[in-house]
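Enquirer: According to the numbering used here, the sequence shown is numbered sequentially starting from 93.
Each residue gets a CB set at the ideal place from its N, CA and C atoms; glycine is no exception.
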Amino acid sequence: VKTHIMLPQITWDSRLNYYNSRMKQALFAGLLFAALTIANAADYDFLIRGGRIADGSGNPAFFADVAIKDGKVVRIGKISGAATTEIDARGMIVAPGFIDVHTHADEIVEQPKAENFLRMGVTTLVIGNCGGSESDIGKLFADIERAKVSPNIATLIGHNTVRQKAMGGSFDRPPTPTELEKMKAHVAQAMRDGAVGLSTGLIYLPGVFSKTDEIVELAKVAAQYDGIYASHMRHEDSQIFTALDEVVRIAREAGIRAEVSHLKLSGERAWGKADEVLAYFEKVRASGLDITHDQYAYTASSTTMRQLIPNDAFDGGKETFRKLIANPETKADLVRRMKERIKARGREDYAYAVIASYRHDPSLNGLNIVQAAKKVRGNDSLDDQIEMILEIEKNGSASGVFHGMNEADLQKFMQHPNTMIACDSGLREFGKGVPHPRGYGNNARVLGRYVRDLKVLRLEDAIRKMSSLPANTFRLKNRGLLKEGFWADVVIFDPEKVNDPAAFNDPHHYAVGIPYVLVNGVAVIANSEHTGARPGMGLKHTP
């Protein structure tokens, strides 16, 4: 069978049509290639180029690019691709976002930007410390999700909160068996709802009246869920070893990991014992207990002025206290005990105690008790100072800053490999009061003063204390390292410029030298300003 194929006659018109068709095909291919190139340009959400990577492990820093997509770190190395946003990090350190395990940012739903923390590189906050927390942990996480907050949030369940709910206003006694069962059930529910552990504040009401056995029983419940026991101990002064013995007993009998909150030696009579304290920790760890500690980088603490008054004056609440100081006989006994207590601590007056925020009379903010007594009462005798303290408490109390630590002890604690960096601060309202500067500058102070200037720490060790060590200690999964597959919590800072301009007499200054901070792959600080973004998550603990 023969098939005849009739070929068309080639004319100039047909040739012209042929070439026009091929040109259209080439143009389409070019446009398609351009479109694909644009698509490829957005392979990553962020590409951080040319920085020196301190990955949080404590290993030596190295130069590399970091690629981020969908909230996670996806590549670290020499990356040839492009991204929606590129950051030139040459001359900068790129590190995991800092994790602060001891904060009092419990009003995070009301102040969701948490700018004072983010500006110093802190991307994850642990709240519920010192025995005080939200009562309903499940509701807390629901509120965080609804409010959309800027940092990540984890929480402890507070012993004081649980005790108050179970025991009402009568505290200077052990709980009844029924009350203890209520407390244990409350802790169990909090752990199921995502708390990372149990906290105590054993100088605060009502925890100050609790016995060790009570805390052991509650810690056992937290241990069943692989929680941690974090304690503001009963003593941080010359009686610190008695307080440490209690922490160790609780950890041993409950079978729980333990964290000593804001490790310090307060008061001149305790100074110089840092080596003994650290040797104590090493002995305990060698015996099989998992115990760690955190610290802020200042030689002054901060709490309420109420701590200057014996605790038993408050059993029964504010009305009991007012009746006590209205009675000349009971007031005289209280004044006598306050004089004995301050002299037992090696002090002659209350000049070390500075009023930080006193709503009743803000003009006293920034004055120490001696100065305040002179201004209000016209005399600064010890009796007048005590009257000033009692008057402050009668009028609703005040927060204070207490100067009482030693720099040499601070540095020794900081160098220990199990010490985490934590500021013990709440959320700051810029310009309000005269609060402790740690809430603005703690992490920046470590990087500037103690790493760069004094060389107390290696850079990589300091970052480990702010990232992987707290993440591992508090079981925060896929956080604390710059690692492929981990959440992209990232801080970028200039090691030559990072600093803490906040001072005790002028605290309202944000940290400097930290131009970029990312939370879950979203920029919350860019060009040293808060972007308004709220990508933070509630980090629920799962056993």
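Going straight from the alpha carbon of L355 to that of T176, what length do you get?
Expert: By one-based count along the sequence shown, residue 355 stands at place 263. By one-based count along the sequence shown, residue 176 stands at place 84. In a straight line, the C-alpha of L355 is about 44 Å away from that of T176.
Enquirer: Considering Cα atoms alone, identify which of V526, N471, E485 and L631 is closest to V493.
Expert: Taking the first residue of the sequence shown as 1, we reach residue 493 at position 401. Nearest of V526, N471, E485 and L631 to V493, Cα basis: V526.
Enquirer: Classify F40 as buried or exposed, calling it buried when 16 or more other Cβ atoms lie within 10 Å of its own Cβ.
Expert: In the structure as shown, the chain begins at 93 and stops at 635. Residue 40 is therefore absent and cannot be evaluated.
Enquirer: Could you give the DSSP three-state label for H251: helix, strand or coil?
Expert: As a working note, residue 251 is residue 159 in the sequence shown. DSSP places H251 in helix when its eight states are reduced to three.
Enquirer: Would D329 and S358 be called neighbours here (beta carbons separated by less than 7 Å)?
Expert: Taking the sequence shown and counting its residues from 1, the one referred to as residue 329 is at position 237. Taking the sequence shown and counting its residues from 1, the one referred to as residue 358 is at position 266. Contact: yes.
Enquirer: Per DSSP, what kind of secondary structure is V548 in: helix, strand or coil?
Expert: Taking the first residue of the sequence shown as position 1, residue 548 is located at position 456. Correct three-state label for V548: coil.
Enquirer: Which class does T195 belong to by DSSP, given the choice of helix, strand or coil?
Expert: For the purposes of this step, residue 195 is taken as the residue at position 103 of the sequence shown. Coil, per DSSP.
Enquirer: Per DSSP, which residues does F138 bridge with? Please list them.
Expert: Walking along the sequence shown from the start, residue 138 turns up at place 46. Paired residue(s): I160 and T177.
Enquirer: In chain order, what residues of the same chain lie with their CB nearer than 6 Å to the CB of N498, ignoring the 5 residues before and after it?
Expert: In the sequence shown, the residue the question calls residue 498 occupies position 406. Excluding positions up to five away in sequence, the list reads W363.
Enquirer: If I measure Cβ to Cβ from N315 and keep anything under 6 Å in the same chain, skipping five residues before and after, which residues do I get?
Expert: Along the sequence shown, read from residue 1 onward, the residue named residue 315 stands at position 223. For clarity, residue 315 is Ala in the given sequence; the question names Asn instead. Correct list, in chain order: A346, G347 and I348.
Enquirer: Taking A389 as the reference, which of A603, R211 and N534 has the closest Cα?
Expert: Translated into the one-based positions of the sequence shown, residue 389 becomes position 297. Cα-wise, what sits closest to A389 is N534.
Enquirer: Within the chosen definition, does the stretch 214–226 reach the stretch 592–602 through at least 3 CB pairs nearer than 8 Å?
Expert: Taking 8 Å as the limit for Cβ pairs, the verdict is that the stretch 592–602 does not touch the stretch 214–226.
Enquirer: Taking 8 Å as the threshold, find out whether the stretch 419–435 comes into contact with the stretch 261–281 through three or more Cβ pairs.
Expert: They do not touch, by the three-pair rule.
Enquirer: Using DSSP with H/G/I as helix, E/B as strand and the rest coil, what is M512?
Expert: In the sequence shown, the residue the question calls residue 512 occupies position 420. The answer is strand: DSSP assigns M512 an E or B state.
Enquirer: Report yes if the CB atom of E360 is closer than 7 Å to the CB atom of T304, and no otherwise.
Expert: On the sequence shown, position 268 is the one that residue 360 refers to. On the sequence shown, position 212 is the one that residue 304 refers to. No, Cβ-Cβ distance for E360 and T304 is not below 7 Å.
Enquirer: I'd like the list of long-range same chain contacts for L128, defined as Cβ closer than 7 Å, with 5 residues on each side in sequence excluded.
Expert: Against the sequence shown, residue 128 aligns to sequence position 36. Because L128 sits at a pLDDT of 41, beneath the cut-off of 50, its placement in the model cannot be relied upon, and the following sentence gives the value as read from the coordinates. Contacts found: none.
Enquirer: How is the alpha helix (DSSP H) around Y608 delimited, first residue to last?
Expert: Taking the sequence shown and counting its residues from 1, the one referred to as residue 608 is at position 516. That residue, Y608, is in no alpha helix (DSSP H); its beta strand (DSSP E) goes Y608 to V611.
Enquirer: When you compare the stretch 402–413 with the stretch 369–379, are there three or more beta-carbon pairs, one atom per stretch, that lie closer than 8 Å?
Expert: Short answer: they don't touch.
Enquirer: Using the C-alpha atoms, what's the distance from S172 back to P100?
Expert: For the purposes of this step, residue 100 is taken as the residue at position 8 of the sequence shown. For the purposes of this step, residue 172 is taken as the residue at position 80 of the sequence shown. Because P100 carries a pLDDT of 39, less than 50, the predicted location of this residue cannot be relied on, and the following value inherits that uncertainty. Looking at the two C-alpha atoms, the distance is approximately 51 Å.
Enquirer: Which ranges would you report for the beta strand (DSSP E) in the stretch 473–515 if only whole runs of at least 3 residues count?
Expert: Listed in chain order, they are 491–495 and 511–513.
Enquirer: Which one of P635, A443, M283 and L549 has the shortest CA to CA distance from D476?
Expert: Translated into the one-based positions of the sequence shown, residue 476 becomes position 384. Nearest of P635, A443, M283 and L549 to D476, Cα basis: A443.
Enquirer: When DSSP builds the beta bridges, which residues end up paired with P188?
Expert: The residue given as residue 188 occupies position 96 in the sequence shown. The partner list for P188 (beta bridge, DSSP) reads V582.
Enquirer: For the beta strand (DSSP E) that L290 lies in, which residues bound it at each end?
Expert: As a first step, residue 290 must be located in the sequence shown, where it is residue number 198. Start and end: G289 to G293.
Enquirer: Could you check which residue in R255, L210, V582 and V590 has the C-alpha nearest to that of S225?
Expert: Walking along the sequence shown from the start, residue 225 turns up at place 133. Selected option, being the one with the closest Cα: R255.
Enquirer: Do L297 and F406 count as a contact pair if the criterion is CB distance below 7 Å?
Expert: Here residue 406 is taken as the residue at index 314 of the sequence shown, counted from 1. Here residue 297 is taken as the residue at index 205 of the sequence shown, counted from 1. Contact: yes.
Enquirer: In whole angstroms, what is the alpha-carbon distance linking H194 and H495?
Expert: Along the sequence shown, one-based indexing puts residue 194 at 102. Along the sequence shown, one-based indexing puts residue 495 at 403. Cα to Cα, the separation comes out at about 20 Å.
Enquirer: Mind checking D180: buried by the 16 CB within 10 Å criterion, or exposed?
Expert: Along the sequence shown, read from residue 1 onward, the residue named residue 180 stands at position 88. D180 is exposed by the Cβ-count criterion.
Enquirer: Count the other CB atoms within 10 Å of the CB of N208; is the residue buried (16 or more) or exposed (fewer)?
Expert: Start at 1 with the first residue of the sequence shown, and residue 208 comes out as number 116. When all chains shown are included, N208 counts as buried.
Enquirer: Do you know whose CA, among H633, R398, P420 and E421, lies nearest I59's CA?
Expert: The first residue shown for the chain is 93 and the last is 635, placing residue 59 beyond what the model contains.
Enquirer: Could you check the C-alpha separation between I200 and I219 for me, to the nearest Å?
Expert: Walking along the sequence shown from the start, residue 200 turns up at place 108. Walking along the sequence shown from the start, residue 219 turns up at place 127. Approximately 9 Å, taken between the alpha carbons.
Enquirer: Going by CA-CA distance only, name the one from L248, V446, K205 and Y608 that's closest to A239.
Expert: Position 147 of the sequence shown holds residue 239. With distances taken between Cα atoms, A239 lies closest to K205.
Enquirer: Identify every run of the beta strand (DSSP E) within the stretch 197–261, keeping only runs that are complete inside it and at least 3 residues long; order them along the chain.
Expert: With a minimum length of 3 residues, the continuous beta strand (DSSP E) runs that stay inside the stretch 197–261 are 214–219 and 244–247.
Enquirer: What is the rounded straight-line gap between the Cα of G628 and the Cα of G408?
Expert: Looking up residue 628 in the sequence shown gives position 536. Looking up residue 408 in the sequence shown gives position 316. If I take the Cα positions, the gap works out to 40 Å.
Enquirer: So which of V308, Y321 and D135 has the shortest CA-CA distance to E178?
Expert: The sequence position of residue 178 within the sequence shown is 86, counting from 1. Of V308, Y321 and D135, the residue nearest in Cα terms is D135.
Enquirer: Secondary structure at Q387, three-state DSSP: helix, strand or coil?
Expert: The count along the sequence shown starts at 1 and reaches residue 387 at position 295. Here Q387 sits in strand by DSSP.
Enquirer: Could you give the distance in angstroms between the alpha-carbon of A436 and the alpha-carbon of R429?
Expert: Position 344 of the sequence shown holds residue 436. Position 337 of the sequence shown holds residue 429. Going by the C-alpha atoms only, they are around 10 Å apart.
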